[in-house]
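Colleague:
Number of protein chains: 2
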Amino acid sequence: MARSRNTEKKIFDAATELFLEKGVDRTSVREIANKAGINLALMNYYFRSKENLFDTIFSSLVKRNSEELIRILNSDQELFEKIEQYVEVYIEMLSENPLLVSFVMAILHRSRERITEMKAISSLYATDQFTKQLLDEAKKGNIRRTDPTHFFVDMLSLIAFPFAIKMLVMDKNNFSEEEFQQFINERKKRVPKLLLDSLRPCK
Amino acid sequence: MARSRNTEKKIFDAATELFLEKGVDRTSVREIANKAGINLALMNYYFRSKENLFDTIFSSLVKRNSEELIRILNSDQELFEKIEQYVEVYIEMLSENPLLVSFVMAILHRSRERITEMKAISSLYATDQFTKQLLDEAKKGNIRRTDPTHFFVDMLSLIAFPFAIKMLVMDKNNFSEEEFQQFINERKKRVPKLLLDSLRPCK
DNA sequence: AAACGTTTTAAACGACGTTTAAAACTAAAT
DNA sequence: ATTTAGTTTTAAACGTCGTTTAAAACGTTT
C-alpha cells in the first residue's frame, strides 16, 4: 500500500459518471483521468484497458441488480406468479437504472460476440428451473405446451426492447420523459398478461 | 468527369462489406481505402466523413428493404392477415440482412445523437392506418380492446430483439448458426400466434 | 497549348488508447 | 539510520485513428 489507496475507486467512480453522462465511446481516458484527478496512465495501471474498466463497472452494476431476478427465476414459486413478479421487477430495474440500459446497448452493439463471455450476463439466464416448470405444468395440463426457449426469449424481448427503442417511442407518440415512464409502468401489468394469456389452456 | 467514375461506388461497396464483416467501429478508414484500392483521403472527399458514409449505406439499405413493410402496414388488408404477414416479412428481412441488424443496433445505441438516422427509422413506422384498424375492430367487437402503441411495441419487440441477443441465445442453447436460423424461422409463426391470441375476444 | 475544374495523392494534424522507463514513495530488513 | 525491495505515480512517447491540407495529376473546354 502506498500514497493513495483510493485511486482505483476514484477512477471507477469518475468513469461510471462519465459513461452514464456521455456514453462509453464518447468518454476519453484523458477525461476520466482529469475528472478523477489522477495521471493518465493510472487507468491502464489499475484496469489494464478502457474496455476492461467498462466491463468491471458493468459487471458490478449487473451483480448489484441481478440477484433478485435470479432468485425469482429459480424460486419454487407458482409459475404464473413467478412470471408476473419477474417481469415487474425486471422492468422496474431497467426503469431505475438508465446506466444499465445504455451499458447493455453498448455491449450488444460493440461486442455481440463477446457478450457470452461476460459472466454477469450469462448468469442472469440460468433458466433450468424455469424451463422445467414450464414443461411440468404443460404435462399436468395446467398450461398449453410451449417451447421454453421461445417463451423466455418472448419474455425478455417484451421486457427489454422497449427501453432500447425509447427515443423512437417518445418521438412517435410525442411522449415526455414522464409519459414514457408511465408507458413503461403500464407494461409491468400488460406484459405478464400477454404472456399468461398465451399459456392458459382455455380455448 | 475524370479518371475513375466509380471511385465512389468502390468505397461504398468496400465499406459495406467491411461494416458487415467486423462492425462499423472496428473498421478503419484506412482498411476501407485499402480494400477499395483508393487513396485514404478519398473517403472524406466523396462522403465527407466516416459517419456520413455509414448513414449513406444505412439509408440505402433501409430504403431497399422497408418499402414492402410500409406497404403491408398501410394496406387495407384484414387485420389478422396483416399482422401475420408483417411479422413474417419483417423477420425474414432481418434474417437475410445481418447488416441491417447491426446497423440498427449501432444507431439505437447512440439514439440520442443519431437523430437523423432515428428519423429514417421512425418513418418506417407510420402506424396511423394500423392504429385505426385496431381501434375499429375493437369497437366492432371483433377483437379485445388494446392500446395500439403498446401493441405495436410488443410486436416490434418480439420481432427484433431476438436478433439483438443472438449470441446469448446461441450460447445458452448450444445452437449452431443453422439451428439459430431455424429458431428464428419458428418465430415467423409463433409471434403472430402470440399476438393474435392476445387479441381474440373469446374468453 | 493554355486555362479550368475535378480527382487523386502524400503528408501532416490533433485526439485517442496504451506503453515505457524513470521518479517518488512506503514498508520492511539490516 | 540506511539500505533494500516493492509499489505507485509521473511525463513522455508510441502507434493508430478520422480528418485536413496543399499540391500534383488529370480530363475537358477554349
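From first to last, the protein sequence lines stand for chains R and Y.
Quick note: the first sequence, position 82, residue 70 per my numbering, numbers continuous.
Quick note: the second sequence, position 161, residue 149 per my numbering, numbers continuous.
Note that the Cβ used here is the ideal one computed from N, Cα and C, for glycine as well.
What you are looking at is a predicted structure, and each value in this text was computed from that prediction instead of being measured.
Assign R/Gln65 to one of three DSSP states: helix, strand, or coil.
Modeller: DSSP places R/Gln65 in coil when its eight states are reduced to three.
Colleague: Is R/Ile172 near R/Ser83, with beta carbons less than 7 angstroms apart?
Modeller: Yes, they are a contact pair.
Colleague: Rounded C-beta distance between Y/Ala108 and Y/Val12? I'm assuming under 8 angstroms.
Modeller: Between Y/Val12 and Y/Ala108 the Cβ distance is about 16 angstroms, and since that is not below 8 angstroms, they are no contact.
Colleague: Let me know the secondary structure DSSP gives Y/Val12 once reduced to three states.
Modeller: Note: Y/Val12 maps to coil in three-state DSSP.
Colleague: If we call anything under 7 angstroms between Cβ atoms a contact, is R/Ile20 one with R/Ala3?
Modeller: A contact, by the Cβ cut-off of 7 angstroms.
Colleague: First and last residue of the alpha helix (DSSP H) that includes Y/Thr115?
Modeller: Where Y/Thr115 is concerned, there is no enclosing alpha helix (DSSP H), given that its DSSP letter is neither H nor E.
Colleague: Classify Y/Arg98: buried if its beta carbon has 16 or more other beta carbons within 10 angstroms, exposed otherwise.
Modeller: Label assigned to Y/Arg98: buried.
Colleague: Listed from N- to C-terminal order along the chain, which residues in the region 163 to 174 of chain Y have their beta-carbon within a distance smaller than 8 angstroms of any beta-carbon of chain R?
Modeller: So the list reads Phe171, Glu174, given in the order they occur along the chain.
Colleague: Which stretch, first to last residue, makes up the alpha helix (DSSP H) that contains Y/Arg178?
Modeller: Note, Y/Arg178: alpha helix (DSSP H), 165 to 187.
Colleague: Using a Cβ cut-off of 8 angstroms, pull out every chain R residue sitting near Y/Phe193, in sequence order please.
Modeller: With chain Y covering -11 to 191 only, the question about residue 193 of chain Y has no answer from this structure.
Colleague: What residues in its chain sit with their C-beta under 7 angstroms from that of R/Ile79, if we drop five residues either side in the sequence?
Modeller: Here the set comprises Ile147, Ile172, Arg175, Lys176.
Colleague: Given that Y/Val50 touches chain R, what residues does it touch there, using C-beta distances under 8 angstroms?
Modeller: Those within 8 angstroms of Y/Val50 in chain R number zero; the least Cβ separation is about 14 angstroms.
Colleague: Please name the residue in Y/Phe149, Y/Leu67, Y/Val17, Y/Pro136 whose C-alpha comes closest to that of Y/Asn130.
Modeller: Of Y/Phe149, Y/Leu67, Y/Val17, Y/Pro136, the residue nearest in Cα terms is Y/Leu67.
Colleague: Nearest-angstrom Cα distance between Y/Met81 and Y/Ser54?
Modeller: Between Y/Met81 and Y/Ser54, the C-alpha separation is close to 9 angstroms.
Colleague: At least one CB of chain R closer than 7 angstroms to the CB of Y/Pro226: is that the case?
Modeller: In the structure as shown, chain Y begins at -11 and stops at 191. Residue 226 of chain Y is therefore absent and cannot be evaluated.
Colleague: Check whether the Cβ of Y/Ser54 lies closer than 7 angstroms to any Cβ atom in chain R.
Modeller: Not an interface residue.
Colleague: What does Y/Asp185 touch in chain R if you count any residue whose Cβ is under 7 angstroms from its own?
Modeller: Within 7 angstroms Cβ-Cβ: Asp185, Ser186.
Colleague: Looking only at C-alpha atoms, which of Y/Gln169, Y/Ile(-1), Y/Val17, Y/Asp116 sits nearest to Y/Ala24?
Modeller: The option with the nearest alpha carbon to Y/Ala24 is Y/Ile(-1).
Colleague: In chain Y, which residues lie with their C-beta within 9 angstroms of the C-beta of R/Arg133?
Modeller: None at all; the shortest Cβ gap to chain Y is about 12 angstroms.
Colleague: My guess is that R/Leu8 and R/Leu49 are in contact by the Cβ rule of under 8 angstroms, so how many angstroms apart are they, rounded?
Modeller: In fact, because the Cβ distance is near 10 angstroms, the residues do not count as touching under 8 angstroms.
Colleague: Given that R/Asp43 touches chain Y, what residues does it touch there, using C-beta distances under 7 angstroms?
Modeller: Chain Y residues near R/Asp43: none, gap ~16 angstroms exceeds 7 angstroms.
Colleague: Quick check on DSSP: helix, strand or coil for Y/Arg133?
Modeller: Note: Y/Arg133 maps to coil in three-state DSSP.
Colleague: Residues of chain R with CB closer than 7 angstroms to the CB of Y/Lys160, please, in chain order.
Modeller: Those are Tyr113, listed as they occur along chain R.
Colleague: Decide if Y/Gln121 is buried, meaning its Cβ has at least 16 other Cβ atoms within 10 Å, or exposed.
Modeller: With 16 or more other Cβ atoms within 10 Å, it is buried.
Colleague: Work out the CA separation of Y/Phe139 and R/Pro136 for me, nearest whole Å.
Modeller: Taking the straight line from one Cα to the other gives about 23 angstroms.
Colleague: Rounding to the nearest angstrom, what Cα-Cα distance links R/Arg18 and Y/Asp64 in this structure?
Modeller: Cα-Cα distance, rounded: 57 angstroms.
Colleague: Give the interface partners of R/Val157 over in chain Y, defined as CB-CB distance under 7 angstroms, in chain order.
Modeller: Those within 7 angstroms of R/Val157 in chain Y are Val141.
Colleague: Beta carbon of Y/Met106, beta carbon of R/Met155: below 7 angstroms?
Modeller: In contact: Y/Met106 and R/Met155 (Cβ atoms closer than 7 angstroms).
Colleague: Got a sec, what are the start and stop residues for the alpha helix (DSSP H) R/Arg98 sits in?
Modeller: Note, R/Arg98: alpha helix (DSSP H), 86 to 98.
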